[in-house]
Amino acid sequence: MGAFLIKDIMLLLRDRYELMILLAMPFLLIAILGFSLRGIFSGDLEALEMDLALVAEDNEAQGIEAVQSSIDEMNLPPENAQALKRAAESASPHAMLLSLLNSEGIRDLVAIEQMGREQAEESLEAQRVDAVVILPEGFTQSALNNMLLGASGGAELELLAADGSSSKSEVLASILEEFVRNVNFESSISRLSGAGDPVEISGGIETITAQEPITSFQYYTVGMAVMFVLFVGSAVARQANLEQRQMVFERIRLSNRPPLLYLSSKAIAAASIVLVQLLLLFGLSMLLFQTFEADSGTFWLGIALISIVLAFSVGCLAAFMVALTLKVESDAVPAIFSAGVISLMAFVGGSFVPLDGMPESIRAIGNWTPNGAALSAYFSWMLDPDIRQLTGPLSRICLVGLVFLAAALAIFPRKGGAA
Amino acid sequence: MLETDKLTKKFKDTVAVNNVSLELKKGESVGLLGPNGAGKSTAIAMISTLLKPSSGDVRLHGKSVLKEPGDMRRVLGVVPQKIALYEELSAYENLKFFGRLYGLSGNKLEQRIDYVLDLVGLADRKKELVKHYSGGMQRRVNLAAAMMHEPEVLIMDEPTVGIDPQSRNHLLETIRRLNHEEGMTVLYTSHYMEEVEKLCDRVYIMDHGKVIAEGTKEELKAILSDQETVWIEFDQSYPELFKKLSEIEGVQHTDAEERSLKLIIPKGMRLLASLFHEAERHGAQVTNVHVQTPTLEDVFLRLTGRTLRD
Ligand SMILES: Nc1ncnc2c1ncn2[C@@H]1O[C@H](COP(=O)(O)OP(=O)(O)O)[C@@H](O)[C@H]1O
Ligand SMILES: [Mg+2]
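For the protein sequence lines, the chains are A and B, in the order given. Everything in the first sequence is counted per the numbering used here, starting at 1 for the first residue and increasing by one. Everything in the second sequence is counted per the numbering used here, starting at 1 for the first residue and increasing by one.
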């Protein structure tokens with residue numbers, strides 16, 4: 001077995017053409033697609049830069065005054081009343097919204113311009129701004145009433161967004177959600193020191209970037225990696241065909257080694273090559289494009305697990321292709337596979353474009369390709385490192401691998417006799 | 001020790017090998033001579049258990065090897081017609097791989113590699129990739145690879161096709177030495193009769209899938225005992241004279257070259273008188289005449305009416 005493995009891997013390393021396909025091509029594509037398609041993925045912040053019109057129909061100072069005078073009317077002990085009045089000034093939601101929009105991480109993303117409602121609506125119409133946030137009349141007063149005095153019926157923000165910029169308005173919505181959560185947070189703190197029942201503090205303060213959606217480089221590193229591992233199947237099958245044509249295969253048969261040894265060596269060689277290939281692609285992408293953060297051990301453990309399962313499956317696929325290639329005695333099998341089948345599998349597997357917008361049928365097929373299943377496993381791990389989410393895709397990858405393996409064994413001549 | 005019994009292989013529309021019965025005794029060197037397409041390679045593939053016969057049997061020490069090819073494969077060293085090597089590996093790496101297939105390892109493996117490389121005279125170039133070798137060197141490694149597991153019988157399928165004379169001589173000499181000095185049993189396939197004549201004790205001549213003659217070289221040449229081959233050289237080319245000579249009554253076959261002419265005539269025919277008479281009439285000078293002993297090529301010509309090289 002060792003002899004076969006060393007030989008198979010040595011042959012591949014000396015084959016510049018295959019190395020180009022297996023390593024250079026995917027890396028090039030990661031670079032090209034990663035750069036040029038920056039922006040279609042939510043993780044690419046630059047693409048989300050937006051202009052925001054802020055319409056303040058509310059008079060902030062008046063609102064604060066109104067709240068402060070209602071505090072005076074409450075006949076609280078003087079220190080408490082004083083504290084609440086100060087809180088009303090410092091916790092003004094209007095100011096808080098502005099400071100949130102000016103906070104780090106968001107400041108670079110959202111350019112704010114204050115304007116009147118009519119002008120804002122016009123600008124939105126003319127697409128000079130991407131969205132409009134309106135603070136309606138009485139906003140400050142009702143928000144503070146709600147926050148500090150526990151009055152019901154909080155203030156409402158209005159968000160107007162132009163069509164077709166859904167990812168942007170999503171981001172904005174989440175910023176505003178963040179804001180509302182912030183306001184709640186403030187309110188509960190304020191009320192702890194004041195009257196009324198404290199409401200439960202909901203979580204900490206998250207920043208928008210903490211969610212880490214997929215970037216274009218991450219997307220295409222994974223997409224190209226899971227696509228180009230399939231070429232290992234072709235490479236190994238092509239090698240088998242060469243062995244058959246050059247009659248080295250006959251020589252191997254003459255040595256009277258169990259033919260299954262030959263087949264399993266091909267599968268193991270393919271799997272090892274896939275692992276090395278994945279290591280290099282992920283590693284290079286990380287080094288050159290800062291695609292991933294290097295420091296999380298658990299993160300890489302998950303990636304390694306998925307990679308190993310994928311390598312196993314591609315090994316089985318390679319065994320099947322070798323068996324088929326030897327059976328039909330032609331290199332048409334690897335040729336057709338690399339010229340057409342791989343692209344097809346890559347497409348339905350989501351290597352080029354995300355499958356979100358695809359018909360259900362394509363997504364279902366894609367889910368059952370080893371590359372498609374691996375792709376979704378990688379992404380789900382990146383977004384949420386929860387091992388339970390991996391069982392679905394990983395078992396699909398394994399199952400497909402086993403089917404290939406069974407098919408390979410069925411068509412591979414196992415008897416050592418004259419055939 | 002090794003025999004085939006009415007070995008037959010039918011492909012869709014051709015009978016490639018037709019009722020061929022061969023025998024190899026231990027230590028013997030046997031030639032299988034025949035033109036391209038005669039069925040030599042097909043016969044060898046069946047003998048070496050790589051191809052299933054349509055009918056007939058292959059036996060080693062009297063035991064059929066068709067069901068259990070293991071014994072045969074251990075005994076045989078097969079040198080295929082094609083260069084059955086990894087071009088992207090060096091000679092050394094190829095031999096190492098094939099040696100390990102036969103269970104060799106460590107020191108024993110290295111020693112064996114050194115031995116076979118020495119045998120084919122490539123010890124000093126073993127690190128070069130096979131694809132960078134000349135055709136002749138590739139053929140030599142092809143032989144070396146078949147020798148890795150110390151086979152008792154060496155089966156060679158046209159091992160000298162397309163190589164330079166030097167490599168060819170080296171190869172033939174190596175095979176002769178293995179046969180004479182190490183008692184290796186050899187089955188040598190070729191369409192070059194000189195090689196077979198030089199190497200082999202006994203010869204089977206194949207054509208169209210059948211063995212058309214067999215025996216020692218002398219036995220085969222006796223087929224031609226009623227003929228002579230006369231070879232005449234002139235000072236220059238005389239096409240008209242050559243034509244005239246070939247038309248002399250009794251001349252059975254002529255083969256003209258630039259300044260020489262080969263005539264096959266019945267034994268005892270008196271050719272020389274008419275030869276010099278005609279030469280004088282054309283003002284030609286005969287520089288050399290000799291009567292050749294028949295070759296296996298001539299035997300084949302006689303048996304089939306064709307030359308081996310057609
Ligand atoms: N796999 C095959 N399928 C069909 N015909 C074949 C096959 N192999 C050989 N033949 C035919 O059998 C005949 C003998 O071929 P071969 O054994 O290669 O002859 P040789 O080695 O003497 O040149 C040829 O006519 C060839 O075309
Ligand atoms: Mg042949």
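In this text, a Cβ means the ideal position worked out from N, Cα and C, and glycines have one as well. In this text the structure is predicted, and so the values were computed from the model without any measurement.
With a threshold of 6 Å, the Cβ atom of Gln81 of chain B counts as near ligand 2, since some heavy atom of the ligand is closer than that. Membership of Asp15 of chain A in any beta strand (DSSP E) is not indicated, and neither H nor E is assigned to it by DSSP. Around the C-beta of Gly162 of chain B, fewer than 16 other C-beta atoms lie within 10 Å, and the residue is accordingly described as exposed. One residue after another in chain order, those with a Cβ under 6 Å from a heavy atom of ligand 1 are B:Phe11, B:Thr14, B:Ala16, B:Gly34, B:Asn36, B:Gly37, B:Ala38, B:Gly39, B:Lys40, B:Ser41 and B:Thr42.
In this structure, Pro294 of chain B places its C-beta atom within 7 Å of the C-beta atom of Leu224 of chain B. In the DSSP annotation of this structure, the continuous segment of the alpha helix (DSSP H) that includes Ser90 of chain A starts and ends at Pro78 to Ser90.
Between the stretch 7–23 of chain B and the stretch 46–53 of chain B, the count of C-beta pairs closer than 8 Å reaches three or more; the two stretches touch. For Met247 of chain A, at least one C-beta of chain B is nearer than 7 Å to its own C-beta. Counting C-beta pairs with one atom in each stretch, the stretch 202–213 of chain B and the stretch 173–180 of chain B have fewer than three that are closer than 8 Å, which means they do not touch. Less than 7 Å separates the beta-carbon of Ile64 of chain A from that of Ser92 of chain A. Thr229 of chain B carries a strand assignment under DSSP once its states are collapsed to helix, strand and coil. Residue pairing for Val314 of chain A: DSSP places it in no beta bridge. The beta carbon of Pro151 of chain B is closer than 7 Å to those of Val75, Leu76 and Gly77 in its chain, skipping five residues each way along the sequence.
Scanning chain B for C-beta atoms nearer than 8 Å to the C-beta of Asp331 of chain A yields nothing, as the closest lies near 16 Å away. Using a Cβ-Cβ cut-off of 8 Å, Ile252 of chain A is close to Leu101 of chain B, given in chain order. DSSP places Val79 of chain B inside the beta strand (DSSP E), whose first and last residues are Leu76 to Val79.
Neighbourhood of Val78 of chain B in chain A, by CB distance below 7 Å: Leu254, in chain order. Scanning chain B for C-beta atoms nearer than 7 Å to the C-beta of Arg257 of chain A yields Leu101, reported in chain order. Under the three-state reduction of DSSP output, Gln119 of chain A falls in the helix class.
For His253 of chain B, the uninterrupted beta strand (DSSP E) run begins and ends at His253 to Ala256, by DSSP.
Excluding sequence positions up to five before and after Leu119 of chain B, its CB lies within less than 7 Å of the CB of Ala144, Met147 and Thr174, all in the same chain and listed in chain order.
Looking from the CA of Leu263 of chain A, the closest CA among A:Asn241, A:Thr140 and A:Ser330 belongs to A:Asn241. Leu109 of chain B places its beta carbon less than 7 Å from that of Gly99 of chain B. Distances from the alpha-carbon of Gln244 of chain A to those of B:Lys40, B:Pro80 and B:Lys12 put B:Pro80 closest.
About 15 Å separates the Cβ atoms of Ala225 of chain A and Leu287 of chain A, ruling out a contact at the 8 Å cut-off.
Comparing alpha carbon positions, the residue from B:Met137, B:Tyr133 and B:Glu181 closest to Thr160 of chain B is B:Met137. Shown here for Gln114 of chain A: same chain residues with a beta carbon closer than 7 Å to its own, the five before and five after excluded, namely Leu54 and Ala56 in chain order. Distance from the CA of Leu310 of chain A to the CA of Val129 of chain A, rounded to the nearest whole angstrom, comes to 45 Å. For Thr42 of chain B, there is no enclosing beta strand (DSSP E); the residue is part of the alpha helix (DSSP H) that begins and ends at Lys40 to Ile47. Remark: C-beta atoms of Ile265 of chain B and Glu297 of chain B do not approach each other more closely than 7 Å. In the DSSP assignment, Tyr102 of chain B falls outside any alpha helix (DSSP H), carrying neither H nor E. B:Val141 is the residue among B:Val141, B:Asp124, B:Ala123 and B:Gly121 whose C-alpha sits nearest the C-alpha of Val130 of chain B. Per DSSP, His277 of chain B lies in no beta strand (DSSP E); the unbroken alpha helix (DSSP H) holding it starts and ends at Leu272 to Arg281. Here Thr185 of chain B is buried: its Cβ has 16 or more other Cβ atoms, across all protein chains shown, within 10 Å.
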